[in-house]
Amino acid sequence: PSSDSVVTLLDYGAGNVRSVRNAIRHLGFQIKDVQTQADILNAGRLIFPGVGAFAPAMDVLNKTGMAEALCEYIEKDRPFLGICLGLQLLFESSTENGPVTGLGLIPGVVGKFDASNGFRVPHIGWDALQIAEDSEILDEVGNCHVYFVHSYRAMPSEENKEWISSTCNYGDTFIASVRKGNVHAVQFHPEKSGDVGLSVLRRFLLPKSFPAKNPTEGRASKLAKRVIACLDVRANDNGDLVVTKGDQYDVRENTEENEVRNLGKPVDLAGQYYLDGADEVSFLNITGFRDFPLGDLPMLQVLRYTSENVFVPLTVGGGIRDFTDSTGRYYSSLEVASEYFRSGADKISIGSDAVYAAEEYLRTKVKTGKSSIEQISRVYGNQAVVVSIDPRRVYLSSPNDVEFKAIKLSNPGPNGEEYAWYQCTVSGGREGRPIGAYELAKAVEELGAGEILLNCIDCDGQGKGFDIDLIKLISDAVSIPVIASSGAGAAEHFSEVFKKTSASAALAAGIFHRKEVPIGSVKEHLWKDGIEVRI
Ligand code: 1PR
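In structure tokens form, the structure reads like this:
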């Protein structure tokens, strides 16, 4: 390969840089991995996708001598692109588990977003940029949304203003990208920002070799509400992995054969939903609670293949827990999650195991640090940990009938009951547990979950709309983003959930699989209704 088609990648082994690799390859480039300091100093162009937390990253860079080499490379104005933590590390220090000293190339301290002003932290999703002139690699971004996922950010100041090439406003104005000469860094994820993100990478990799297209037309002004396509995946009775979809979690056909409903192939459908404009794609391995997911190589393959062509965030759930296999080998939930991340997942979602962890935490009031939520968020950050809640409505005549949070329903129950509590379940809805969705949501936020995927068994597959009472209850109770799920049957249902609750995203399955309403029509409808979405 000619040196023009080679990109040097600094991957210090902290997490998932698979999507960055896939995006670089997709653009026709080959990757050379940094092994030594010399690889940095001799790079023709260097991409540094920082992953994980600030302190361990600096630790590795210092111990390996990479910190010194990076500073030398950047001070010589060699072509550089830092992504996410790869931007933050350029600053003087970070308050993340610190203060921790950074590379010190840009004046300023990286600090945490303030959730107290009503903005949910982590900052997850598609947001708008204010782009300075001469930003070069952002030339085609224009007014389009790009994808962010982070809890810490650097702030603009007199001292660093010559570096700033764009800012973003989320509660306060923070630095979305920097540029000086050939040195660039972005807080957002170009590799997860669809076509617009790929244009940023392309302009870095091929500077000036083609004229900048006019900025893509966009209408972004603030954080968009996300529309997520969900694929419930399991093996059918022939052992093939299929996308299935249940009614109230029952995924079998109502026929004599009672076969598992088959709505298509996971990789194909995910690719289609990406092209249709899905802001994220989620895979739920719905029998993961039974089978050991690392024995489930096809699911890992699904992620690997999907992440080659789908440049929006991917979440995978099912079976994330500690496990001992038939030979007695023990796997921690962290190892299971790591395998999913290595295969291309950006976030993992925990169902049953989060219920057990929350029950124990509420009983003992002690954070042991050993739960899957704590282990995974410590290493990958809480933005990578979603908790999937599968509650079922339990009707009550009076809210005092239970020890759990009960609410007055907008629509009374079958026997005129005015109240209900939402009982959490495990094992795909098969077993009810002594904890409510409200108690669970608050507990898992404290344990380190970064987002909640809120299903509702009663509404699943019914197409009658989301459970607004439930979604309002939970999204008002926590300050992390909540994804509303279960029951979408029309574009109006998405508008309703965003108007009546503070959910950050809405997820649907059946309506998309059955091709009743395409994702694009949902987005158009939301836009016309005055709701910010990524078009
Ligand atoms: O418990 O950590 O192994 O995780 C299992 C995961 O699998 C959980 O996230 C759980 O929600 C999911 N799951 C388990 N069984 C089923 C099932 O359907 N039998 N699917 C299941 C849950 C619910 C939604 C669905 C929405 C939208 N699927 O994700 O996609 O309800 O559907 P709709 O738009 O068609 O109404 P663990």
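First residue of the sequence shown? That's 61 in UniProt numbering, and the numbers climb one at a time after it. Here a beta-carbon is modelled for each residue, glycine too, at the ideal position from N, C-alpha and C.
### Distance between SER564 and PHE343 (C-alpha atoms, nearest Å)
Computed Cα separation, rounded: 19 Å.
### Message
At the 9 Å Cβ level, is GLN90 part of the contact set with chain D, yes or no?
### Response
No chain D is part of this structure, which consists of one protein chain only.
### Query
For the ligand 1PR, any of its heavy atoms closer than 8 Å to the Cβ of ILE410?
yes
### Query
In three-state DSSP terms, what is ASP64?
Note: ASP64 maps to helix in three-state DSSP.
### Contact set for ASN515: own chain, Cβ-Cβ below 6 Å, skip 5 residues either direction
ASP450, SER545, SER546
### Task
May I ask you to report which of helix, strand or coil DSSP gives PRO167?
It is a strand residue.
### Query
Going by the beta-carbon positions, is the gap between ALA568 and ASP529 smaller than 9 Å?
no
### Query
Is LEU69 closer than 9 Å to ILE84 when the C-beta atoms are compared?
Yes, the Cβ-Cβ distance between ILE84 and LEU69 is below 9 Å.
### Query
If you draw a straight line from the C-alpha of SER432 to the C-alpha of ALA414, how long is it?
Between SER432 and ALA414, the C-alpha separation is close to 7 Å.
### Task
Inspect the beta-carbon positions of GLY377 and GLY411 and report whether they are closer than 9 Å.
yes
### Contiguous beta strand (DSSP E) assignments of at least 3 residues, all confined to the segment 394–436
407–410
### Query
Is it buried or exposed for GLU499, if we count other Cβ within 10 angstroms and need 16 for buried?
buried
### Message
Tell me whether VAL486, by its Cβ, gets closer than 8 Å to a heavy atom of the ligand 1PR.
### Response
yes
#### Entry: Residues near PRO578 by beta carbon distance below 7 Å, same chain, minus five either side
ASP336
### Task
Rounded to whole angstroms, what's the CA-CA distance from ASN369 to HIS86? Just pull it up for me.
8 Å
### Query
So what does DSSP say about ALA127, is it helix, strand or coil?
ALA127 falls in the helix class under three-state DSSP.
### Query
Can you tell me whether ARG452 is buried or exposed, with buried defined as 16 or more other CB within 10 angstroms of its CB?
buried
### Task
To the nearest angstrom, report how far apart PHE464 and ASP518 are at their CA atoms.
19 Å
### Sequence-distant residues of the same chain with beta carbon closer than 7 Å to ASP93, five excluded per side
LEU69, ASP71
### Query
Cα-Cα, which of ASP385, GLY348, ASP328, PHE383 is closest to THR366?
The option with the nearest alpha carbon to THR366 is ASP328.
#### Entry: Assigned secondary structure, GLN522 (DSSP; H/G/I helix, E/B strand, else coil)
coil
### Per-residue DSSP class, three states only, for VAL372
Residue state, collapsed to three classes: coil.
### Validate contact between the segment 124–144 and the segment 224–237 using beta carbons, cut 8 Å, 3 pairs
no
### Query
Taking C-alpha atoms, which residue in GLU576, LEU301, VAL396, LEU374 lies nearest to ILE380?
VAL396
### Query
Looking at TYR309 and the ligand 1PR, is the gap between the Cβ and the nearest heavy atom below 8 Å?
Yes, the beta carbon of TYR309 sits closer than 8 Å to at least one heavy atom of the ligand 1PR.
### Query
If you measure from the CB of SER431, is any heavy atom of the ligand 1PR nearer than 8 Å?
no
### Query
When DSSP labels each residue in this structure, what does PHE464 get in the three-state scheme?
coil
### Message
Just verifying my parser: in three-state terms, what is the DSSP assignment at LYS240?
### Response
strand
### Task
Measure the alpha-carbon distance for PHE371 versus THR315 and round it to whole angstroms.
39 Å
### Message
To the nearest angstrom, how far is the alpha carbon of ALA551 from that of LEU189?
### Response
So the alpha carbons of these two residues sit roughly 28 Å apart.
### Query
Do you know how far the Cα of ASN345 is from the Cα of residue 598?
In the structure as shown, the chain starts at 61 and stops at 595, and residue 598 therefore has no counterpart that could be examined.
### Counted within 10 angstroms of its Cβ, other Cβ atoms place ALA98 as buried (16 or more) or exposed
Answer is exposed; the Cβ neighbour count stays below 16.
### Message
Which residue marks the beginning of the beta strand (DSSP E) containing ALA214, and which one marks its end?
### Response
212–214
### Task
Return the residue from the list ILE191, VAL582, ALA417 that minimises the CA-CA distance to ALA338.
VAL582
### Message
Does the segment 174–181 come into contact with the segment 151–159, if we say contact requires no fewer than three beta-carbon pairs (one atom in each stretch) closer than 8 Å?
### Response
no
### Query
So what does residue 35 bridge to, in DSSP terms?
Limits of the chain in this structure are 61 at one end and 595 at the other, which puts residue 35 out of reach.
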